[in-house]
Structures are given as C-alpha cells and as structure tokens.
Amino acid sequence: MKIILLSGGSGKRLWPLSNHTRSKQFLRLLNSPEGGTESMVQRVVRQIREEGISDSVTIATSASQQEIITGQLGVDADIVTEPERRDTFPAIALACTYLAKEKLCNDNEAVIVMPCDSYTDANYFKTITQMATAVENNVADLVLMGIKPKYPSTKFGYIVPVRENADKSFLYVKGFTEKPDEEHAESLIADGALWNGGVFAFRLGYMTDIVKRYLDVHSFEELHSRYRELPKISFDYEVVEKAESIAVIPFNGQWKDLGTWNSLTEELTHYIGNVTAGKNVHNTHVINELNIPLLCFDIDNLIIAANYDGILVCGKESCEHIKDYVNELPSRPMYGECSWGTYKVVDFSTFAGGYQSLTQLLQLKAGFDISYRGHQYRDISWTCIDGSGTLVLNGQVRNIQRGDIIHIGKGHRYAVKAVSNLQIIEVQTGDRLTDNDVEYFDWNW
Numbered sequence: 001m002k003i004i005l006l007s008g009g010s011g012k013r014l015w016p017l018s019n020h021t022r023s024k025q026f027l028r029l030l031n032s033p034e035g036g037t038e039s040m041v042q043r044v045v046r047q048i049r050e051e052g053i054s055d056s057v058t059i060a061t062s063a064s065q066q067e068i069i070t071g072q073l074g075v076d077a078d079i080v081t082e083p084e085r086r087d088t089f090p091a092i093a094l095a096c097t098y099l100a101k102e103k104l105c106n107d108n109e110a111v112i113v114m115p116c117d118s119y120t121d122a123n124y125f126k127t128i129t130q131m132a133t134a135v136e137n138n139v140a141d142l143v144l145m146g147i148k149p150k151y152p153s154t155k156f157g158y159i160v161p162v163r164e165n166a167d168k169s170f171l172y173v174k175g176f177t178e179k180p181d182e183e184h185a186e187s188l189i190a191d192g193a194l195w196n197g198g199v200f201a202f203r204l205g206y207m208t209d210i211v212k213r214y215l216d217v218h219s220f221e222e223l224h225s226r227y228r229e230l231p232k233i234s235f236d237y238e239v240v241e242k243a244e245s246i247a248v249i250p251f252n253g254q255w256k257d258l259g260t261w262n263s264l265t266e267e268l269t270h271y272i273g274n275v276t277a278g279k280n281v282h283n284t285h286v287i288n289e290l291n292i293p294l295l296c297f298d299i300d301n302l303i304i305a306a307n308y309d310g311i312l313v314c315g316k317e318s319c320e321h322i323k324d325y326v327n328e329l330p331s332r333p334m335y336g337e338c339s340w341g342t343y344k345v346v347d348f349s350t351f352a353g354g355y356q357s358l359t360q361l362l363q364l365k366a367g368f369d370i371s372y373r374g375h376q377y378r379d380i381s382w383t384c385i386d387g388s389g390t391l392v393l394n395g396q397v398r399n400i401q402r403g404d405i406i407h408i409g410k411g412h413r414y415a416v417k418a419v420s421n422l423q424i425i426e427v428q429t430g431d432r433l434t435d436n437d438v439e440y441f442d443w444n445w
C-alpha cells in the first residue's frame with residue numbers, strides 16, 4: 001500500500017499564524033508524545049509510522065510548501081510538487097504518475113489518498129488498511145471513507161450508501177450530496193448518509209488509466225512539463241462522481257477538521273508562548289509567537305493570536321468571518337519556515353522612487369545550508385550575530401562567525417552552510433525585491 005498525502009490550502013482561516021506558505025497543517029501547536037509540540041502534518045506522518053500501515057508516504061504539494069515540508073519532515077521526505085496550483089485531480093494524477101514512472105510501482109498496487117491535516121485516532125488508520133484490502137479484493141474500483149456524522153453539518157459533503165448489503169464491513173454508494181442545508185442534512189443522516197472524509201483508495205492502474213484519457217505520457221517529467229493541460233478540477237468531481245463502482249467504509253472514531261479557530265482551540269492549551277494571564281480571563285485562548293510579552297485580563301470568550309504577520313483579537317462566536325477581513329490585508333509573509341531554518345521579517349519599507357529595503361533575521365540549523373544563488377536587482381548585507389558557518393561568495397570559500405559582516409552585490413553568487421546554529425541579520429536593498437529575482441546554481445558542499 002502506498003499513501004499520498006495532499007498538502008495545500010491558503011491558510012486564511014487561521015490568520016495571522018497561517019499564510020500561503022505556512023498553512024494550518026504546519027502550525028506547531030499540538031502536543032506531541034515527547035512533551036513538545038508538533039504540527040498536523042508531523043502528527044499524521046508519525047501516526048502512519050506508529051501504526052506501520054505503509055513504508056511509502058508521498059506528499060503532493062505546491063512548490064511554495066516544499067521548503068517547510070522538508071524542514072518539518074526531514075530531507076528524506078518524498079515530495080511531489082505541482083508546477084502550478086490546479087486543484088486535487090491534477091495533483092493526485094501527478095503523484096500517481098510519480099509512483100508509476102519513478103517508483104516503478106505495479107498497476108495493482110493499492111493507493112490511499114488522504115489529507116495531511118486530519119486530527120484523528122489510531123482506528124482511523126485501521127480503517128485505511130481496510131480500504132486498501134477492499135481494493136485488493138476487488139470490492140470496487142474506488143473505495144471511500146465515510147465519517148459517521150455527529151450532527152447535521154452544512155460544511156461537509158455527504159456520501160449516500162445503499163442501505164442493504166450482505167457484507168457489513170463496507171457499503172456500496174448510491175450517490176453524493178455536496179454541503180446541504182441543515183434540514184436536508186438531517187434527512188440524509190436519517191437515511192444513513194456519511195460525511196465525506198476526503199480519503200480515497202484505488203489501484204494505481206485505475207488512476208493512471210484515467211490520466212491517459214488526457215495525456216498519454218511516457219515519463220513523470222513529461223507530465224510535469226505538460227501539467228497545465230490537465231483539467232483544473234477537484235478529484236471528487238472528475239473521478240468520484242463519474243466512477244461506476246464505488247464502495248464506502250464507515251469510520252466512527254475521533255475525527256476533526258481543525259481548519260477554524262474554534263475547532264483548533266478545542267485541542268490546545270489556553271496559553272501558548274510568551275503570555276501572562278491576569279484575573280478574570282474566561283474561555284479565552286492566547287497564542288503569542290512574538291518575543292515580546294502579551295498581557296491580558298478581564299476578558300471573556302476571545303481568541304488572541306500574535307505573530308510577525310499581525311495580531312488577531314476576536315470573539316469566538318465571530319471567528320468564522322475572518323476570511324472576509326484577511327483578504328484586504330497585505331499578503332507578504334513576515335515569518336516562514338524553510339528546510340534550513342526560519343526567517344522573520346523585521347522591517348519592509350518602500351521609499352521615494354520605488355527604492356525598497358527588507359530586513360530579516362535568518363536562523364539556520366546546524367548542518368543545513370542556503371543554496372547557491374544570485375540576484376540581479378538587489379544588494380545584500382549580512383551581519384552574523386551568533387554561531388558559525390561556511391560562506392561561498394563567487395566561488396570563494398571562507399569561514400564566518402559572530403561579528404562578521406558580508407556584502408553581496410547585484411549579480412554575485414552566494415551560499416552559506418551552518419556549522420553550528422547560525423543567526424544572521426540580512427538587509428536587502430534595491431528597486432525590485434520580488435521572489436522571482438533569484439537564479440540558482442550548483443554547488444557541491
């Protein structure tokens with residue numbers, strides 16, 4: 001059995017902690033068994049390993065999330081990146097082609113596609129094993145996971161099963177209803193409908209045959225280069241609703257979508273970070289990722305979250321409206337995680353004539369490096385404030401340590417590798433401080 005984890009999302013519902021590069025699945029807020037904290041994606045991968053259900057996990061994601069996934073799961077994480085965001089059908093098609101063409105998996109291999117941010121228990125993964133077994137036993141071409149509803153939700157799609165089935169371990173599917181109103185949801189639940197858990201199982205050949213209807217490619221690289229020729233549509237609409245043979249396996253354990261502040265805070269301690277709570281603080285969650293203190297008192301039923309992207313103060317009953325406001329805010333992330341460490345934007349300013357400056361704190365983990373690169377439209381100044389590392393500047397190698405100042409001019413090539421944990425204050429100046437002003441080069445450490 002091979003597992004594909006889908007990682008996407010823009011992260012607006014959990015602003016300011018999440019953004020388009022640091023979506024909800026990457027927030028290290030959940031308690032881990034070791035006593036620290038872990039993110040949703042770290043939790044899911046840990047659970048897969050602990051249950052021993054698969055030795056092969058591939059993460060399908062966008063290029064903007066590759067760095068943070070590597071930083072959280074390690075350099076050995078198996079990642080397939082979309083050339084551009086095109087919804088879940090092309091993302092799954094690309095990942096399945098990777099398994100077939102790069103991993104040389106057999107067409108009969110059972111494949112599980114699931115979200116990377118499910119908050120659930122061990123029985124969830126036992127159900128996934130049952131789904132793979134059902135595929136291997138030819139129960140149906142496509143097997144889904146159905147979550148037994150706890151209440152008539154209007155936020156989930158519903159799977160409507162055939163009520164009569166001799167084998168009680170699965171049900172055949174009669175149809176689907178997408179996000180009904182509450183009255184219709186109550187009727188569906190009374191008829192035995194299940195929430196669509198967003199988990200799919202099929203044989204690898206089933207999916208690669210569907211891909212061939214659009215593009216009969218001979219390699220993973222070919223599909224990657226022709227990716228935009230695939231339809232921009234969800235897997236549910238393109239595959240599930242067109243499938244002729246579908247079964248569903250019910251799951252009745254712990255399952256939550258932690259995609260809103262209300263649902264997330266149900267699983268968190270009340271105060272995270274540099275927080276001091278005074279008297280009369282009731283039903284309030286406070287998260288502070290800044291290195292300055294946050295004091296609160298005489299408040300009730302609030303969510304307060306502070307980090308480099310901004311500060312949120314809102315009533316818990318109003319959190320669902322956060323996207324209405326966030327869309328109007330600046331979109332430049334002020335904090336990010338990368339494979340090599342983290343960056344924090346201290347200041348970004350635009351002056352007369354369009355001249356810009358960007359000041360950041362770079363924190364590199366020992367043994368990791370910022371890859372060899374160059375820029376055409378900016379000058380960079382580095383001040384090493386702690387730790388030591390190895391600098392490459394225009395092919396010349398030297399050691400750097402606390403107190404060193406390095407100037408990197410326009411067109412210069414540079415890289416740095418941390419020998420010990422390394423902290424650098426970086427100041428970029430120029431008239432075009434955009435993400436696409438970068439060119440990468442090879443360097444063999």
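Numbering (UniProt numbering), first residue to last: 1 to 445.
Note that CB positions come from ideal geometry on N, CA and C, so glycine has one too.
The structure presented is a predicted model; accordingly, all values stated were derived computationally and were not measured.
Proximal residues to K148 (C-beta, below 8 Å), its chain only, five neighbours per side dropped
L194, W195, P250, F251 and N252
Between the stretch 196 to 204 and the stretch 120 to 137, do at least 3 Cβ pairs fall closer than 8 Å?
yes
Just the C-alpha distance for V313 and V217, rounded to the nearest angstrom, thanks.
51 Å
What's the call for E439, buried or exposed, on a 16-neighbour Cβ count within 10 Å?
exposed
Contact belief for G341 with L364 at Cβ below 8 Å, rounded distance in angstroms:
4 Å
Kindly indicate which three-state DSSP category P90 falls into: helix, strand or coil?
helix
Does the stretch 206 to 220 come close enough to the stretch 170 to 177 that 3 or more CB-CB pairs lie under 8 Å?
Flag = no, the stretch 170 to 177 and the stretch 206 to 220 do not touch.
In three-state terms, what does DSSP make of W261?
helix
What's the C-alpha gap between L268 and I287?
10 Å
Starting from Y325, follow the alpha helix (DSSP H) in both directions and report where the run begins and ends.
Note, Y325: alpha helix (DSSP H), I322 to V326.
Residue interval of the alpha helix (DSSP H) (run including R43)
M40 to E51
On the CB-based measure, 16 or more other CB atoms within 10 Å of its CB, does Q254 come out buried or exposed?
exposed
Report the partner residues of Q396 according to the DSSP bridge assignment.
L393
Do three or more CB pairs link the stretch 236 to 243 to the stretch 100 to 108 at distances below 8 Å?
As far as the Cβ criterion goes, the stretch 236 to 243 does not touch the stretch 100 to 108, which means the pair count is below three.
What does DSSP give as the partner residue(s) for L295 in the beta ladder?
T276
For the alpha helix (DSSP H) that Q72 lies in, which residues bound it at each end?
A63 to L73
Tell me where the beta strand (DSSP E) around F26 begins and ends.
Premise fails: F26 is in no beta strand (DSSP E) and is neither H nor E.
Alpha carbon of V345 to alpha carbon of V427, nearest angstrom:
Distance between the alpha carbons of V345 and V427: 10 Å.
Cutting at 8 Å between CB atoms, please list the residues of its own chain near R402, excluding the five before and the five after it.
C384, I385, D386, G387 and S388
For I309, is the classification buried or exposed, using 16 other Cβ atoms within 10 angstroms of its Cβ as the cut-off for buried?
A quick correction: the sequence has Asp, not Ile, at residue 309. Around the beta carbon of D309, 16 or more other beta carbons lie within 10 angstroms, which makes this residue buried.
Going by the CB atoms, is the gap between G8 and S62 shorter than 8 Å?
For S62 and G8, yes; Cβs fall inside 8 Å.
Applying the 10 Å Cβ sphere with the 16-neighbour rule, what's the burial state of E289?
buried
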